[in-house]
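K.L.:
Dropping a structure here in C-alpha cells format, bear with me for questions.
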Amino acid sequence: MESTSSKDEQNNQEDSDSSEIDEIEPRLKYVRIRNDLEHILQNDAASCIAVHPKFLCLGSHWGMIHLLDHQGNNIKSKTLQAHTVAVNQISIDYNGDFIASCSDDGKVFIYGLYSTENNHNMSMGRLVKSIAIDPNYKSGSGRRFITGDDKLVLYEKTFLARMKPTVLCEAEGGVKSVAWSGRFVAWASDTGVRVYDLDARCSLGLIKWSRTAEASPEHYRCNLQWSDDKTLLIGWVDVVRICHIRKRTMQEMVNRDLPEFVVDPVSTFQVDFYISGVAPLRNQLVLLGCLKEPDEDGKNQRPTLHVVEPKYQDFSVICANSLTLRGYKEYSCNDYHLDCLKEENRFFIVSPKDIVVASLYDTDDRIEWLLSHGKFEQALEAVTINNGKDCKMHTVLDVGRTYLDHLLACEKYDDAGKLCLKVLGRNKKLWEEEVYKFARVHQLRSISSYLPRGDVILDSLIYEMVLYEYLKMDPDGFLQLVKEWSPDLYTVAAVVNGVLEHLLVHNQRQNVLLEALAILYIHDGKYDKALAMYLKLRHKDVFQLIQKYQLYNSVYDMIEGLMDLDTERAIQFFLEKDRVPSDVVVQKLQHNHRYLYLYLDALDKRDTKDSKGKYHGLLVRLYADYSRDKLLPLLRRSDNYPIQQALDICSQRRFYPEMVYLLGRIGNTSEALALMTRELNDMESAIAFCQEHDDEELWNDLVNYSLDKPAAITFLLQKIGTYVDPRLMVQRIEPTLEIPGLKKALVKMMCDYNLQVSVQEGCKKILSNDYFNLHERLVRCHQKGIFVDDDQMCGACHRKIINRGIWLYFIVSIVFMKIVYPILIWLKIV
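Counting in my numbering, the sequence shown runs without a single skipped number right up to 837 at its last residue.
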C-alpha cells in the first residue's frame, strides 16, 4: 500500500508526479521543511542530520554545518565551515550547547553555541566516520567525546586542557556509527554491534550479524538509536534488533568475573527492504527503508516510512507510506537519514535534496484524513470522543454535515435521516437547512421520523412539506403521520385542502386518505364531517369519537348508519345513560324493521320505568316478524298493547297459541277453545283452559267436541272427574261407539269424583269444628271481659271478634282448596 503527501506546509509533501493514496489510516503526517533550507539545498546537498528540541544541525556534502530552527530558518548569521568534504556524522549534547562533527577529511569539530571555551578543531590524520559527544558535555567531567574510525577512541579533557585519547576497542572494518546514552556507548562494525560500559570500562558483549546472500552488511550504514537509557534499537541491512541492558542478578554474579550489566535481545525480525534509519514510537518502531528492487526503468523507488509493532521474532505493520522526496530515483539506502525527537514523536527524514518531518496524527489530522478518504462514520466517531475536546479545527457539526452531504449524494437517505438526529441536535436553523436538502431530492420521508417535535419545533411549512410528500407517494405513511403528529405542528386547514385536491385527481388508496381526512377534521373541530367520514368508511372508531367529544346530538341523523356499522355496539351506545332518546331512535329506524326490532328488544330487556311497555304495541308486530318465541311471553306479561291489533296480527300469521291467549283475554273463550281443539288438537291445553275459566258452557263445548272422537272421550273421562259431574258426559256418549280404554277411564273418573266428594265432606266437618271452636273462644273472652253478655259489650270489641272468626274461616278454606286438595288429587293419580 502506498500513500503520498502532496500539499504544502500544513500537512503533506509536494511532488510533480502523481501518487497513489493509501487506504490504510496513517499514523503520521508529513511536512516538508522550507524557508532557508530550500536555498541551502539548491546549492548543496545534505549528508547527515542531528536534531534537538531547540534546533537542528544539517551537515552538507561541502563540509558545511547549518544551524536551523524546525521550520528551516537559519539561527546563525554565519554558516559553520567545519570540514572540507562531506560531514559524516553530527552529535549534540542534551542541553543543546555543543555540537560535534566528523568527516573524511580527518577532522573532528567541537563547537559551543554559547561559549568558545571548549571548542575544538582537531585533525586525526585518518578518516573519521562517526562521532558522539558526551550527553552531559558541559557539566560532566572531562568534556568527553568519542570518535570512530578503525578503532573506537574516547577523548577526555585533562590537566592543562589537553585532550587525552583512550582506545576503547579495535573495530574490524572500522566503526560504522556510534550512539551514546548515559554510561553506555553502542557502536557498529562489520562484525556486529558492541555495547560498552564507560563507568566500568568494559564491553558488555558483541551482537553479531549473520551474513545474507543479498548484500554484504559492510556496504550499508548501521543505524543505532537509543529508545531510552537502556534500550537500543539497531537497524542494519534488512534486519531489526531490539536489545535491553539489564543489571545482572546476584545469583549470576556469584563466583564469576562478569560485568555488572548484560545485553539481552528483546526482538529480532527481518523486513523486505533495506533500512536507512530506525526510531522509537512509544511501544512501536519507525523504520525508514528503501525497496530492494528498482522500478521498471531501473531507477530506485521511493523510500518508505513504516510504523511496525515488534514481536519476539516477527512484527506487524501498522502503516506504511511511500515518500516522494526530491531526486529519490537517484539515491540509494545510505543516502537517507532518520533522526527523531522522542519526546515530541517527530521524525526527520533527510535525503540529499530534501527534508521532511513526520509527526503523529493528532485528532484533527486524523479526522481530515478520514474525511478525505470517505471514512465519514469513523471521522464522526473520532470527533465525538471526549466531546471534541481534542479537536481544534473540527466540530461534530462540521463533520456531521459533511457526512450528511455525502450520504445524500450517495442516495443513502435513510442513513442521512438518522444522522440528522445525532448531528443537528436542538438547532432549529440547521434542521430547517438540512430538511430543504432532503426536499430537493424528494426524500423528506427519510427524515420524517427524526424531525424535532418536542421542545424544539420547526416552521410549520416543514411539517406540511413532509405531509404533502407522503400524501403523493405513500398514503399509508401519510395516515400514520396524521395519527402520530400533533396538529399544532402544521396548519390543519392547509393539509385538509391538500387531501381534498388529491382525492379529486387520484382514486388510489381512497379509504386510507378518507380516514386521514376524518382525523384532520377532528383536529380542525369539524366533528360532524369526521363522523360522516368514519361512517362512510365503516370505521368503528366512530363510537370512541362520539364519546370522546360528547357528540350525542350529532348522531341523530346517523342512527341507521351506526347500526349498519356495528349493531350491537350501536344499541349499547344508544341505551347507555339514555344518550339518545328512544323516540329519536325509533323514528329514525321506522323504515328498517330489523334494526328497530333489535333496538326495541334491547330496550325492553333494560326494563326502565320510562320506557316500560311504551313500544310493546310496535314490538308485538316485530316479534311476530323476527322472533315469534318472544311473542307469547310479551303478550302474557304486558298490558301495553292493543289486544285487537295483536289478535289481527296473530290471525294473519295463524299463531294459534297466541290467538287462544288473546281470545281468552277479551272473553271470547268459546272461540279460543275451538282453536285449541280444532286447529291445535290439544286436549290437555283445552282442559287446562276450561279449568282456568271454570265455565260450565266451556265444559259442555269441550264435551260436545269430544263425543264423536273416541280418543278424546277417553282422555276427557280421565281428566274431568274433579271438575264436572261425570254423569253429564257418560249419559251423552253414543252406546254403539267403541271407546279404547273406557273401563280404565271410567274407574279413574269415579275415583276422582268420590275423592272430591270425600274431601268436600271433610272440609265441611273441619269448617264446622272451626266455627264452634271460635264461638266457644268468643264466649270465654266475654266471660273474662268487663261486660257479661253481648248486650253489655262495646260495639268495637264485638265487631273485632266477629271479623276475626270470619277471616279465620276463609283462610282455612282457601288453604285447603288451593293447597291440600290438589296435593291429594295428585297423590291419587300417581
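We treat Cβ as the ideally placed atom computed from N, Cα and C, and that holds for glycine.
Less than 8 Å between the beta carbons of Tyr338 and Asn307, yes or no?
P.N.:
Stepping through the sequence shown from its first residue, residue 338 is reached at position 331. Stepping through the sequence shown from its first residue, residue 307 is reached at position 300. Yes, Cβ-Cβ distance for Tyr338 and Asn307 is below 8 Å.
K.L.:
What did DSSP end up calling Ile31 once you bin it into helix, strand or coil?
P.N.:
Here residue 31 refers to the residue found at position 24 of the sequence shown. It is coil, neither helix nor strand.
K.L.:
Where does Met400 sit, in a helix, a strand or coil, going by DSSP?
P.N.:
As a first step, residue 400 must be located in the sequence shown, where it is residue number 393. The answer is coil: DSSP assigns Met400 none of H, G, I, E or B.
K.L.:
Near Gln277, what residues of its chain come up, given a Cβ to Cβ distance below 8 Å and the 5 sequence neighbours on each side ignored?
P.N.:
In the sequence shown, residue 277 corresponds to position 270, counting from 1. So the list reads Asp245, Val246, Val247, once near-sequence residues are dropped.
K.L.:
Can you tell me whether Ala416 is buried or exposed? The criterion is at least 16 other CB atoms within 10 Å of its CB, across all chains shown.
P.N.:
Taking the first residue of the sequence shown as 1, we reach residue 416 at position 409. Exposed: under 16 other Cβ atoms inside 10 Å.
K.L.:
Which residue's Cα is closest to the Cα of Val406: Glu388, Asn393, Asp422, Tyr420?
P.N.:
Here the question's residue 406 lines up with position 399 in the sequence shown. Measuring from the Cα of Val406, the nearest candidate turns out to be Glu388.
K.L.:
Using only the alpha-carbon positions, how far apart do Leu3 and Lys158 sit?
P.N.:
This structure gives no information on residue 3, because the portion of the chain shown stretches from 8 to 837.
K.L.:
What do you reckon, are the CB atoms on Tyr410 and Phe445 nearer than 8 Å?
P.N.:
Looking up residue 410 in the sequence shown gives position 403. Looking up residue 445 in the sequence shown gives position 438. In this structure, Phe445 does not lie closer than 8 Å to Tyr410 by Cβ.
K.L.:
Nearest-angstrom Cα distance between Ile153 and Leu404?
P.N.:
The residue labelled residue 153 in the question sits at position 146 within the sequence shown. The residue labelled residue 404 in the question sits at position 397 within the sequence shown. Cα-Cα distance, rounded: 57 Å.
K.L.:
I'd like to know whether the C-beta atoms of Leu231 and Phe268 end up nearer to each other than 8 Å.
P.N.:
Position 224 of the sequence shown, counted from the first residue, corresponds to residue 231. Position 261 of the sequence shown, counted from the first residue, corresponds to residue 268. Going by C-beta atoms, Leu231 is not nearer than 8 Å to Phe268.
K.L.:
Among residues of its own chain, excluding the 5 on either side of His700, which ones have a beta-carbon nearer than 8 Å to its beta-carbon?
P.N.:
Sequence index remark: in the sequence shown, residue 700 carries index 693 (1-based). Around His700: Gly671, Thr676.
K.L.:
Is it right to say Ala186 is buried, meaning 16 or more other beta carbons lie within 10 angstroms of its own, or is it exposed?
P.N.:
In the sequence shown, residue 186 corresponds to position 179, counting from 1. Label assigned to Ala186: buried.
K.L.:
Whole angstroms are fine: how far does the CA of Arg208 sit from the CA of Ser67?
P.N.:
One-based indexing of the sequence shown puts residue 67 at position 60. One-based indexing of the sequence shown puts residue 208 at position 201. Roughly 34 Å between the two C-alpha positions.
K.L.:
How would you label Thr165, buried or exposed, when you count the other beta carbons within 10 angstroms and need 16 or more for buried?
P.N.:
Walking along the sequence shown from the start, residue 165 turns up at place 158. The residue is exposed, with fewer than 16 neighbouring Cβ atoms inside 10 Å.
K.L.:
For His251, which residues of its own chain have a beta-carbon under 7 Å away from its beta-carbon, when the five flanking residues on both sides are left out?
P.N.:
For the purposes of this step, residue 251 is taken as residue 244 along the sequence shown, with counting starting at 1. Closer than 7 Å at Cβ, skipping near neighbours: Lys237, Thr238, Asp271, Val273.
K.L.:
Distance, Cα to Cα, Glu221 vs His313?
P.N.:
To locate residue 221, count along the sequence shown from 1; it is residue 214. To locate residue 313, count along the sequence shown from 1; it is residue 306. Annotation note: pLDDT 49 at Glu221 (below 50); position unreliable, no value reported.
K.L.:
Considering Phe696, what are the terminal residues of the alpha helix (DSSP H) in which it resides?
P.N.:
What you label residue 696 is simply residue 689 of the sequence shown in a count that begins at 1. Its alpha helix (DSSP H) spans residues 690-700.
K.L.:
Give the secondary structure of Arg660 by DSSP, where H, G and I count as helix, E and B as strand, and everything else as coil.
P.N.:
Locating residue 660 in the sequence shown gives position 653, counting from the first residue. Helix.
K.L.:
Would Ala207 count as contacting chain B if we go by Cβ distances under 8 Å?
P.N.:
In the displayed structure, chain B is absent; only one protein chain is listed.
K.L.:
Near Ile650, what residues of its chain come up, given a Cβ to Cβ distance below 8 Å and the 5 sequence neighbours on each side ignored?
P.N.:
Within the sequence shown, numbered from 1, the residue matching residue 650 stands at position 643. Closer than 8 Å at the Cβ level, and outside the excluded window around Ile650, lie Leu669, Arg672, Ile673.
K.L.:
By DSSP's criteria, Cys209 is part of a beta bridge. Which residues make up the other side?
P.N.:
Taking the sequence shown and counting its residues from 1, one reaches residue 209 at position 202. Asp204.
K.L.:
Let me check one thing: in DSSP terms, what residues is Thr574 bridge-paired to?
P.N.:
Locating residue 574 in the sequence shown gives position 567, counting from the first residue. Looking at the DSSP assignment, Thr574 forms no beta bridge with any residue, so it has no partner.
K.L.:
Output the boundary residues of the beta strand (DSSP E) element that contains Phe191.
P.N.:
Numbered from 1 along the sequence shown, position 184 holds the residue referred to as residue 191. Counting along the chain, the beta strand (DSSP E) containing Phe191 begins and ends at 191-195.
K.L.:
Going straight from the alpha carbon of Tyr604 to that of Val593, what length do you get?
P.N.:
The residue you call residue 604 lines up with position 597 of the sequence shown. The residue you call residue 593 lines up with position 586 of the sequence shown. Each residue's Cα considered, the two are about 10 Å apart.
K.L.:
Determine the direct distance from the alpha carbon of Pro172 to that of Cys297, and round the result to whole angstroms.
P.N.:
Residue mapping note: residue 297 aligns to position 290 of the sequence shown, counting from 1. Residue mapping note: residue 172 aligns to position 165 of the sequence shown, counting from 1. Their Cα atoms are separated by approximately 38 Å.
K.L.:
For Asp397, which residues of its own chain have a beta-carbon under 6 Å away from its beta-carbon, when the five flanking residues on both sides are left out?
P.N.:
For the purposes of this step, residue 397 is identified with residue 390 of the sequence shown, where counting begins at 1. Here the set comprises Thr370.
K.L.:
On the DSSP letters alone, give me the boundaries of the beta strand (DSSP E) that Ala186 sits inside.
P.N.:
As a position in the sequence shown, residue 186 is number 179, starting the count at 1. From DSSP, the beta strand (DSSP E) with Ala186 extends over 184-188.
K.L.:
Return yes when at least one heavy atom of the ligand MG lies under 7 Å from the C-beta of Asp397, else no.
P.N.:
The ligand content of the structure shown is nil, which means the ligand MG is not present either.
K.L.:
Provide the residue span of the alpha helix (DSSP H) that contains Pro640, from first to last.
P.N.:
By one-based count along the sequence shown, residue 640 stands at place 633. Pro640 -> alpha helix (DSSP H) spans 638-644.
K.L.:
Nearest CA to the CA of Tyr275: which residue from Trp243, Leu781, Leu488, Val174?
P.N.:
For this step, residue 275 is matched to residue 268 along the sequence shown. Per the sequence shown, the amino acid found at residue 275 is Thr instead of Tyr. Ranking Trp243, Leu781, Leu488, Val174 by Cα distance to Thr275 puts Trp243 first.
K.L.:
Using the three-state DSSP reduction, which class does Arg784 fall into: helix, strand or coil?
P.N.:
For this step, residue 784 is matched to residue 777 along the sequence shown. In the structure shown, Arg784 sits in a helix (DSSP, three-state: H, G or I).
K.L.:
Strictly by DSSP, which residues pair up with Met565?
P.N.:
Taking the first residue of the sequence shown as 1, we reach residue 565 at position 558. According to DSSP, Met565 bridges with nothing at all.
K.L.:
Can you check DSSP and say which residues form a bridge with Asn128?
P.N.:
Here residue 128 refers to the residue found at position 121 of the sequence shown. Phe116, per the DSSP bridge assignment.
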